[in-house]
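**Q** Below is one structure. I have some questions about it.
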Amino acid sequence: MARERLYLFDTTLRDGAQTNGVDFTLADKISIATMLDDLGIDYVEGGYPGANPTDTDFFSKGRDLKTKFTAFGMTRRPGRSASNDPGLVALLDAKADAICFVAKSWDYHVRVALETTLEENLASIKDSVKAAKAKGREVLLDCEHFFDGYKANPPFALACAKAAYDEGARWVVLCDTNGGTLPHEVEQIVGEVVKVIPGDHVGIHAHNDTEQAVANSLAAVRAGARQIQGTLNGLGERCGNANLVSIIPTLKLKREFADKFDIGVSEAQLKALAHASHTLDEMLNRASNRYAPYVGENAFATKAGIHASAIMKEPATYEHVAPDAVGNKRRLLVSDQAGRSNVLAELDRIGLKVAKDDARIGRLLDEVKAREAEGYAYEAADASFELLARRVLGSVPNYFDVEKFDVNVEQRLNAKGERVTVTMAVVKVAVGGEHLISAAEGNGPVNALDVALRKDLGKYQPFISGLKLTDYRVRILDGGTGAVTRVLIESQDETGERWTTVGVSSNIIDASFQALMDSIVFKLVRSGAPA
Ligand SMILES: [Zn+2]
49 MARERLYLFD
59 TTLRDGAQTN
69 GVDFTLADKI
79 SIATMLDDLG
89 IDYVEGGYPG
99 ANPTDTDFFS
109 KGRDLKTKFT
119 AFGMTRRPGR
129 SASNDPGLVA
139 LLDAKADAIC
149 FVAKSWDYHV
159 RVALETTLEE
169 NLASIKDSVK
179 AAKAKGREVL
189 LDCEHFFDGY
199 KANPPFALAC
209 AKAAYDEGAR
219 WVVLCDTNGG
229 TLPHEVEQIV
239 GEVVKVIPGD
249 HVGIHAHNDT
259 EQAVANSLAA
269 VRAGARQIQG
279 TLNGLGERCG
289 NANLVSIIPT
299 LKLKREFADK
309 FDIGVSEAQL
319 KALAHASHTL
329 DEMLNRASNR
339 YAPYVGENAF
349 ATKAGIHASA
359 IMKEPATYEH
369 VAPDAVGNKR
379 RLLVSDQAGR
389 SNVLAELDRI
399 GLKVAKDDAR
409 IGRLLDEVKA
419 REAEGYAYEA
429 ADASFELLAR
439 RVLGSVPNYF
449 DVEKFDVNVE
459 QRLNAKGERV
469 TVTMAVVKVA
479 VGGEHLISAA
489 EGNGPVNALD
499 VALRKDLGKY
509 QPFISGLKLT
519 DYRVRILDGG
529 TGAVTRVLIE
539 SQDETGERWT
549 TVGVSSNIID
559 ASFQALMDSI
569 VFKLVRSGAP
579 A
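The opening position of the sequence shown corresponds to residue 49 in the numbering used here, with each subsequent residue numbered one higher.
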């Protein structure tokens, strides 16, 4: 049976940019659009030309992309002609392959927000679609509040959608703008729409306010819609948009969809999904969601020993899809609940060859259990576990010694009489026969210590120049003999490889120092730095 084509429309750069705290630069937009293009997304909505200088710039020249580069904007304003609406004229001038208009489809909004008649709203949709078609653009219409509008006044909501389709819009997109519609309602309403407009011209745009944007998108497809709009990592206003990073693998890997539909994303492109998801987080300067389906660090992690031994024999016993299909990897967590099988599997993944009955494995397991009792968390700190394993197996060189460090936090009045806090760290390191002293200021004690420590490691400096810290998490644990602090540090190098290290102490600086040291030593081991 021939498979039907299902189209993906990404609005990370338009709807996703509405997220609190997100502010893309032009360079960000270009690199995200390129990444989406490389993933095989059919449409990339770049923004709203005319609404702000960045978006206007983004559409000021043609972008060399395989995807349909799409500009977003409003239909003509009530009471104006299409040629006499500056917003619409700017949109038509944008260098885009497609134009996605947004229009009201809920009678209540037409009356209250637009303060116009239902007839004028329909006329505005027709005129705008006609004007964009005349300019040679592919046209989409986002029907805002479609589901709420349909519940209130089905004939009017349908008339809005039909007006665009009849004028030649390629897609009529049904938007759950407030995000409150449930999957069974979406399936039922889309089922009614496709009786009037062919499903291969109908799209779905779902928001995640009941955490069902992905489910709503799939429900719409089941009912006949053939375009899905969404964003990377579900970025978007309030609770976000439908998450394409969850939708894409579901369409590719789940039989119900994979047998019926083709999408623009190939198997090879699917393998780049986890990387794309993490790259976006990085640009937003935020830690990735460890629990994200398919692409999260925890998505294929197994802790208990009994599961781990089964998973090594037959991965399908505890995995719903193969992790490498989406560019993720299986992780068997090493913790105080772990058995030998977790440890062996993890050593194998790291590439450390050890015989199954080697006595050192028992020692490593005892060490993990003892340290986890003190507060270390190796399941969250893969790099610290690897170092511990390598140390027990005797393969970590002593690259350098920190002879002493000093961190000083001072609060005082500056020359202008303002109260300022100044932090400085001094680190004394011995590398080979050399003694090196580095000092650095920072925005806090850990930052100052980190900068000073990585400022000059003598002959090892070239190996750590691409190292940076991407996340820092602190937790106070209530130990038996009083509170201890656990610090987890996530690092990344110039190749994009990421790892996490852990430190534990009653003193937060000391715990941070341990985690920083592990991160640097791990990088030296990985880079094959000479002892
Ligand atoms: Zn939206």
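Glycine included, C-beta positions come from ideal geometry on N, C-alpha and C.
#1: Under the three-state reduction of DSSP, which class applies to F107: helix, strand or coil?
#2: DSSP has G95 in a bridge; who is on the other side?
#3: From what residue to what residue does the alpha helix (DSSP H) around R438 run?
#4: DSSP on N289, reduced to helix/strand/coil?
#5: Output yes or no for whether 7 Å exceeds the beta carbon distance between V220 and A207.
#6: Could you give the distance in angstroms between the alpha-carbon of P371 and the alpha-carbon of N333?
#7: Keeping to the same chain, check which residues put their C-beta closer than 8 Å to that of A320; ignore five residues upstream and five downstream.
#8: What I want to know is whether the C-beta of D63 ends up closer than 6 Å to one or more non-hydrogen atoms of ligand 1.
#9: Let me make sure I understand the geometry here. Which of V475, R438, T279, S486 has the alpha-carbon closest to that of E47?
#10: Quick one: what's got a C-beta closer than 8 Å to R467's C-beta in the same chain, skipping five residues either side?
#11: With DSSP as the reference, label D86 as helix, strand or coil.
#12: Use the C-beta contact count for E362: other C-beta atoms within 10 angstroms, 16 or more gives buried, fewer gives exposed.
#13: To the nearest angstrom, how far is the alpha carbon of P126 from that of D133?
#14: Pick out the complete alpha helix (DSSP H) segments inside the region 267 to 349, 4 residues or longer, and give them in chain order.
#15: Measuring CB atoms only, is the region 249 to 258 touching the region 281 to 292, in the sense that at least three cross pairs come out at less than 8 Å?
#16: Quick one, which of A373, A119, E167 has its alpha-carbon nearest K302's?
#17: So, are the CB atoms of I524 and A563 less than 7 Å apart?
#18: Short check: CB of I78 to CB of A119, under 7 Å?
#19: Between L222 and F57, what straight-line distance do the alpha-carbon atoms span, to the nearest angstrom?
#20: Compute the beta-carbon to beta-carbon distance between I556 and L497, rounded to the nearest angstrom, for a pair I have assumed lies under 8 Å.
#21: Just the C-alpha distance for H232 and S294, rounded to the nearest angstrom, thanks.
#22: Suppose you measure from the CA of I398 to the CA of L505; what does that come to, to the nearest Å?
#23: Cα-Cα, which of F448, G530, L501, D105 is closest to V573?
#24: Please work out which residues of its chain come closer than 7 Å, Cβ to Cβ, to K174, disregarding the five sequence neighbours upstream and downstream, and give them in chain order.
#25: What would DSSP say about L400, mapped onto helix, strand or coil?
#26: So, under 8 Å CB-CB, T60 and T279 are touching, yes? Tell me the CB distance rounded to an integer number of Å.
#27: Tell me the rounded alpha-carbon separation between V313 and K183.
#28: Return the CA-CA distance between R411 and A579, expressed in angstroms with no decimal places.
#29: Assign D307 to one of two classes, buried (16 or more other C-beta atoms within 10 Å of its C-beta) or exposed (fewer than that).
#30: On a Cα-Cα basis, can you pick out the residue from T365, E545, D406 that is closest to F570?
#31: Do V269 and A217 count as a contact pair if the criterion is CB distance below 7 Å?
#32: Run through DSSP, which three-state label would T165 get?
#33: Rounded to whole angstroms, how far is the Cβ of G239 from the Cβ of A271, which I believe are closer than 8 Å?
#34: Hey, quick one: how far does the beta strand (DSSP E) through I245 stretch, first residue to last?
#35: Pull up the CB-CB distance for K152 and N169, whole angstroms please, since I reckon it's below 8 Å.
#36: Between which two residues does the alpha helix (DSSP H) carrying F511 extend?
**A** Based on what the coordinates show:
#1: Within the sequence shown, the letter at position 59 stands for residue 107. Of the three classes helix, strand and coil, the one that applies to F107 here is coil, per DSSP.
#2: Taking the first residue of the sequence shown as position 1, residue 95 is located at position 47. For G95, which the question treats as bridged, DSSP gives the partners A119.
#3: Mapped onto the sequence shown, residue 438 falls at position 390. 430 to 440 is the span of the alpha helix (DSSP H), which, as asked, contains R438.
#4: Numbered from 1 along the sequence shown, position 241 holds the residue referred to as residue 289. Here N289 sits in strand by DSSP.
#5: Translated into the one-based positions of the sequence shown, residue 220 becomes position 172. Translated into the one-based positions of the sequence shown, residue 207 becomes position 159. Going by C-beta atoms, V220 is not nearer than 7 Å to A207.
#6: Reading the sequence shown from its first residue, position 323 is the one you call residue 371. Reading the sequence shown from its first residue, position 285 is the one you call residue 333. Cα to Cα, P371 sits roughly 25 Å from N333.
#7: Your numbering for residue 320 matches position 272 in the sequence shown. Hits under 8 Å: D86, L87, G375.
#8: One-based indexing of the sequence shown puts residue 63 at position 15. Within the cutoff, so yes.
#9: Here the chain has residues from 49 to 579 only, and residue 47 is not among them.
#10: Taking the sequence shown and counting its residues from 1, the one referred to as residue 467 is at position 419. Excluding sequence neighbours, R467 sits near Q459, R460, L461.
#11: Residue numbering aside, residue 86 sits at position 38 when the sequence shown is read from its first letter. D86: helix per DSSP, three-state reduction.
#12: Here residue 362 refers to the residue found at position 314 of the sequence shown. E362 comes out exposed.
#13: Sequence index remark: in the sequence shown, residue 126 carries index 78 (1-based). Sequence index remark: in the sequence shown, residue 133 carries index 85 (1-based). When rounded, the separation of the alpha-carbon atoms in P126 and D133 is 10 Å.
#14: 292 to 301, 303 to 306, 315 to 318, 321 to 331
#15: yes
#16: Numbered from 1 along the sequence shown, position 254 holds the residue referred to as residue 302. The residue with the shortest Cα to Cα distance from K302 is A373.
#17: Working through the sequence shown from its first residue, we reach residue 524 at position 476. Working through the sequence shown from its first residue, we reach residue 563 at position 515. The answer is no: Cβ separation not under 7 Å.
#18: By one-based count along the sequence shown, residue 78 stands at place 30. By one-based count along the sequence shown, residue 119 stands at place 71. Result no, Cβ atoms of I78 and A119 do not sit closer than 7 Å.
#19: As a first step, residue 222 must be located in the sequence shown, where it is residue number 174. As a first step, residue 57 must be located in the sequence shown, where it is residue number 9. Approximately 13 Å between the Cα atoms of the pair.
#20: In the sequence shown, counting from the first residue as 1, residue 556 sits at position 508. In the sequence shown, counting from the first residue as 1, residue 497 sits at position 449. Their Cβ separation, rounded to whole angstroms, is 11 Å, which puts I556 and L497 out of contact at 8 Å.
#21: On the sequence shown, position 184 is the one that residue 232 refers to. On the sequence shown, position 246 is the one that residue 294 refers to. Using only the alpha carbons, I get a separation of about 20 Å.
#22: Taking the first residue of the sequence shown as 1, we reach residue 398 at position 350. Taking the first residue of the sequence shown as 1, we reach residue 505 at position 457. Roughly 26 Å separates the two Cα atoms.
#23: Walking along the sequence shown from the start, residue 573 turns up at place 525. It is F448.
#24: As a first step, residue 174 must be located in the sequence shown, where it is residue number 126. Within the same chain, K174 has close Cβ partners A211, E215.
#25: Indexing the sequence shown from 1 puts residue 400 at position 352. Coil, per DSSP.
#26: Your numbering for residue 60 matches position 12 in the sequence shown. Your numbering for residue 279 matches position 231 in the sequence shown. Right, their Cβ atoms sit about 4 Å apart.
#27: Counting from one through the sequence shown, the residue named residue 313 turns up at place 265. Counting from one through the sequence shown, the residue named residue 183 turns up at place 135. Rounded to the nearest angstrom, the two C-alpha atoms are 29 Å apart.
#28: Against the sequence shown, residue 411 aligns to sequence position 363. Against the sequence shown, residue 579 aligns to sequence position 531. Their backbone Cα atoms lie some 25 Å apart in a straight line.
#29: Taking the sequence shown and counting its residues from 1, the one referred to as residue 307 is at position 259. So D307 counts as exposed.
#30: Reading the sequence shown from its first residue, position 522 is the one you call residue 570. Among T365, E545, D406, the Cα nearest to that of F570 belongs to E545.
#31: Reading the sequence shown from its first residue, position 169 is the one you call residue 217. Reading the sequence shown from its first residue, position 221 is the one you call residue 269. Not closer than 7 Å, so no.
#32: Here residue 165 is taken as the residue at index 117 of the sequence shown, counted from 1. In this structure, T165 counts as coil in the three-state DSSP scheme.
#33: The residue labelled residue 239 in the question sits at position 191 within the sequence shown. The residue labelled residue 271 in the question sits at position 223 within the sequence shown. Right, their Cβ atoms sit about 4 Å apart.
#34: Position 197 of the sequence shown holds residue 245. Premise fails: I245 is in no beta strand (DSSP E) and is neither H nor E.
#35: By one-based count along the sequence shown, residue 152 stands at place 104. By one-based count along the sequence shown, residue 169 stands at place 121. About 6 Å; that satisfies the 8 Å criterion.
#36: Here residue 511 is taken as the residue at index 463 of the sequence shown, counted from 1. Residues 509 to 512.
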